[in-house]
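Accompanying notes for the structure given below.
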Amino acid sequence: MIILGIETSCDETAVAVVEDGEKILANTIASQDEVHEAYGGVVPEWASRTHLESLPVLLESTLKKANVSWNQIEAICVTQGPGLLGALLVGVSFAKSLAYSLHIPCVGVNHLEGHLQAAFLEAKVSYPFVGLLVSGGHTALYDVKNVGDSQILGTTLDDAAGEAFDKVAKILGLGYPGGREIDRLSRYGNKETFCFPRAYLDSENLHFSFSGLKTAVLHQVREFEEPFIPALVSDLAASFQEAVMDVLVEKTRRALCRTGYRTVVVAGGVACNSRLRERFKEVELQKNITVFFPSAKLCTDNAAMIAAMGYHSIRQGKASSYSFSPFANAPLVIGSP
Ligand code: KG4
Ligand code: ZN
Numbered sequence: 016m017i018i019l020g021i022e023t024s025c026d027e028t029a030v031a032v033v034e035d036g037e038k039i040l041a042n043t044i045a046s047q048d049e050v051h052e053a054y055g056g057v058v059p060e061w062a063s064r065t066h067l068e069s070l071p072v073l074l075e076s077t078l079k080k081a082n083v084s085w086n087q088i089e090a091i092c093v094t095q096g097p098g099l100l101g102a103l104l105v106g107v108s109f110a111k112s113l114a115y116s117l118h119i120p121c122v123g124v125n126h127l128e129g130h131l132q133a134a135f136l137e138a139k140v141s142y143p144f145v146g147l148l149v150s151g152g153h154t155a156l157y158d159v160k161n162v163g164d165s166q167i168l169g170t171t172l173d174d175a176a177g178e179a180f181d182k183v184a185k186i187l188g189l190g191y192p193g194g195r196e197i198d199r200l201s202r203y204g205n206k207e208t209f210c211f212p213r214a215y216l217d218s219e220n221l222h223f224s225f226s227g228l229k230t231a232v233l234h235q236v237r238e239f240e241e242p243f244i245p246a247l248v249s250d251l252a253a254s255f256q257e258a259v260m261d262v263l264v265e266k267t268r269r270a271l272c273r274t275g276y277r278t279v280v281v282a283g284g285v286a287c288n289s290r291l292r293e294r295f296k297e298v299e300l301q302k303n304i305t306v307f308f309p310s311a312k313l314c315t316d317n318a319a320m321i322a323a324m325g326y327h328s329i330r331q332g333k334a335s336s337y338s339f340s341p342f343a344n345a346p347l348v349i350g351s352p
């Protein structure tokens, strides 16, 4: 079954063609970083307008790359939510009208389930597993029993991990989005220079909080005179990054203990982080568990993961009618909204 996937939940316009939920024929992304950079964060109205401009062009080039014709596409799967409502509305309306004109099903996909499905496009992952989703909009731990059957174990009570990376990058004058730059700079810094808070590490719950950490970095920076010497910026970046990683790794370890599972799937943009990958390698060796990380292009927002997840929804008989609507907020049990 050849599926066209469309993703427009935030600031990446993405289109993909995937066969049988696992073979990527084409996976293209038009980043909007340049559009939002000047504002230091995503401007929702610009995101919607840019999706509208990019989608038709991206669609043409993706089909060409996949070497498939319109009559080979059997269904269209599109991100239904969570995300920016205006941005989602552009993708959903585009997907529905396209599917309607081709007389094929249109399926709404949960973006978070899509992220958790990304690892399956590159590796043989088996259920059940603990899913750690760390992106710019979400940070949560899931008990993933099977495809489309996940329950939340803990979530962030304020900022998402990626959001904290982006805000701290802004404080350090590193541009937007800043996660990748903090990751790069941290390699030159000393992670022990500053001792930043690790929220909720002393409590048994599996929740996260990153807004106090971001504020602690801000207070530390205010104590210095600008401009800082470069070494200080990399020390700040490395110390901040280590505080985030300590919490992510420790809470995931506790989720493994609680569920008794031996497999972890890490997903979302922050899963690109090189230190997170290093830290989980250590856990793998010490605890005899298996940790899956998708490659960078499948960690950040993409449409291949949406097509892959949509394929399973169709197989489970969950194909939506054309009447579904986008939703902005994440439900606690993921599966069909
Ligand atoms: O999954 P994603 O593309 O979008 C959302 O669904 O939010 O994640 C984007 C987030 C941004 O906050 C970005 O700064 C962060 O992922 N990110 C990273 C790295 N690469 C991207 N954070 C830390 N280290 C990285 N290498
Ligand atoms: Zn995402």
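According to the working numbering, the sequence shown is numbered sequentially starting from 16.
We put the beta carbon where it would ideally sit given N, CA and C, even for glycine.
Values in this document were obtained by computation on a predicted structure and should not be read as measured data.
query: Cβ-based neighbour list, K3, same chain, cut-off 6 Å, excluding 5 preceding and 5 following; result: Since the displayed the chain opens at 16 and closes at 352, residue 3 lies outside it and no answer follows.
query: CB-CB length for S24 against L103, believed under 8 Å; result: 6 Å
query: Given G96 as reference, the closest of E137, Q87, G194, I21 once Cα atoms are compared; result: I21
query: S150 Cβ short of 7 Å to the ligand ZN heavy atom set; result: yes
query: V298 (DSSP reduced to helix, strand or coil); result: helix
query: Helix, strand or coil at T353 according to DSSP, with G and I counted as helix; result: No answer is possible for residue 353: it lies beyond the span of the chain, which begins at 16 and ends at 352.
query: Candidates T170, S254, T208, of which the one nearest A345 by Cα; result: T170
query: Residue from Y54, D164, A343 with nearest C-alpha to Y191; result: Y54
query: Secondary structure of D158, DSSP reduced to three states; result: strand
query: CB contact flag (V280, F307, <8 Å); result: yes
query: Spatial distance of L189 from E196 (CA atoms); result: 7 Å
query: Backbone CA spacing between S249 and N205 [nearest angstrom]; result: 7 Å
query: Through-space distance from V50 to E238, alpha-carbon basis; result: 32 Å
query: Buried or exposed (CB count within 10 angstroms, at least 16 for buried), D35; result: exposed
query: Near the ligand KG4: N344 beta-carbon under 7 Å from a heavy atom; result: no
query: Distance, P59 Cα to P352 Cα; result: Low confidence applies to P352: its pLDDT is 35, below 50, so where it sits in the model is not reliable, and the reading given next is rough at best. About 23 Å.
query: For F144, the residue or residues it bridges with in DSSP; result: V159
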